[in-house]
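Here's the structure, in structure tokens; my notes come after.
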Amino acid sequence: MLMVTPIKRKQHVLNKAKALSLQEQNYFLIRLSRLLDQHYTLLDALTVLQWNTKWEKHAELIESTLKEGNSLDIALNKANFDSRIISFLYFAMKHGNIKKALLQSIQLVDQQLSLWKKFKQVTQYPIVLFFLFILLLYFIKTSVFPSFIQLFSTTTHTSDMTSFALNLINILFQTFLYGGIFIICCGIYWLVIQRKLSIYKKVKIYQRIPLLKKIISPNATLLFSLHLSSLLQAGLSLKDCFDILTKQSQNPLLAYHSEIIMDGLKQGQLISQILPGCALLEQDLHAIFQKNTTSEMLAKDLQTYADFLLEHLQLKIKKFLTLIQPTFFIIIATCIIFIYLSLLLPMFQLINTI
């Protein structure tokens, strides 16, 4: 009994270990990849990773899960790793190239972390300025605005311009306040309800909202190309590749498209004929499948296309980020000018009546 209790308690602690941040997960994978390059076995590499106190519980949990006969993707899932990382390691179990899967997942996570860091840097000042602007509007609405109403109620020279100027502050305040609340509520509602929606309903929503489709389509195509290329390079047939893609559960959208393609192949259709039915995959894939007749060339072209798509996404997102601050500042500056005029115009008109 004395020997069993500590083990159970230790296992309980492992199961309760908090998930690492995405950045820490990426550092973990980078260190694991380096150890594998130095010819450590996977279990030995995990033992070495336990030297880091931040990773000790997670590395130990992954190691114990592997020793129970489970695959690496299941072990990472138990350690609460990100689903995108798990999907790469799931496919690594199928094509047998763990090092390549680690490098691909590291590359994508690096990209995401880099863009997220830049996004926070770009939006940090505008967000602070936005809240200060809301406070300014609130002060004018509650302190300055009532004084103006009282002042102009004592004169008979109030014009339409004066009434418009006085109401402008109230309109701006309500627009920004209720607009912000509406956006936040919509975001929270979507985060809650998307977990309950089936992939079929999600796809219909993505197709109906152009902005969502524009964001999701390139990412879905990138993962489709990367995973299919890796499986083909391992020597698997096209049918086996799509069978694996359909059965995986880490990326429902990838499984959804693969299922459509599998159903079409069973009916004797060519992939180039099936792809137009996959509305969230980029049209460029059609040309790639029409061009290639061998698995080797298809795998090569898909890998090249995935690299191109990744670079294109990076440039597109960086361009979008560079537009955030100027656009926001122009909007705020325009509103401040209107507020300034709304305060001055009534005063000028009042002075002219004296």
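Going by full-length UniProt numbering, the residue at position 25 of the sequence shown is 25; the numbering climbs one at a time, nothing skipped.
Positions of the beta carbon are idealized from the N, C-alpha and C atoms, including for glycine.
By the CB criterion at 9 Å, residue 222 and residue 102 fall outside the cutoff. If you draw a 10 Å sphere on the C-beta of residue 283, you find fewer than 16 other C-beta atoms in it, and that means exposed. Taking C-beta atoms under 8 Å as the contact rule, residue 224 and residue 281 qualify, at a distance of about 6 Å. The shortest CA-to-CA distance from residue 127 to any of 332, 344, 83, 337 is the one to 332. In this structure, residue 169 places its C-beta atom within 9 Å of the C-beta atom of residue 144.
Look at residue 286 here: in three-state DSSP terms it is helix. Positions of the beta strand (DSSP E) runs, each at least 3 residues long and wholly inside the segment 46 to 107, cannot be given because no such run exists. Non-local beta-carbon contacts of residue 38 in its own chain, meaning distances under 7 Å to residues more than five positions away in sequence, are absent. Classified as buried, residue 299 has 16 or more neighbouring CB atoms from the shown chains inside 10 Å of its CB. Under the 10 Å beta carbon count, residue 68 is surrounded by fewer than 16 other beta carbons and is classified as exposed.
Its chain contains 255, 258, 259, 262 as the residues whose beta carbon lies nearer than 7 Å to that of residue 246, once the 5 sequence neighbours on both sides are disregarded; these appear in chain order. Residue burial annotation: residue 278 is buried, with at least 16 other C-beta atoms found within 10 angstroms of its C-beta. Fully contained in the segment 189 to 270 is no beta strand (DSSP E) run of length 3 or more. Each of 336, 220, 242 was checked against the Cα of residue 95, and the nearest Cα belongs to 242. With fewer than 16 neighbouring CB atoms inside 10 Å of its own CB, residue 344 falls in the exposed class. Collapsing the DSSP output to three states places residue 18 in coil. With respect to the 9 Å criterion, residue 22 and residue 113 are classified as neighbours on the basis of their beta carbons.
With respect to the 9 Å criterion, residue 232 and residue 91 are not classified as neighbours on the basis of their beta carbons. Inter-segment contact for the segment 22 to 31 and the segment 48 to 60 is present: three or more beta-carbon pairs are separated by less than 8 Å. By the criterion of a C-beta distance shorter than 6 Å, residue 285 is surrounded in its chain by 275, once the five residues flanking it on both sides are discounted.
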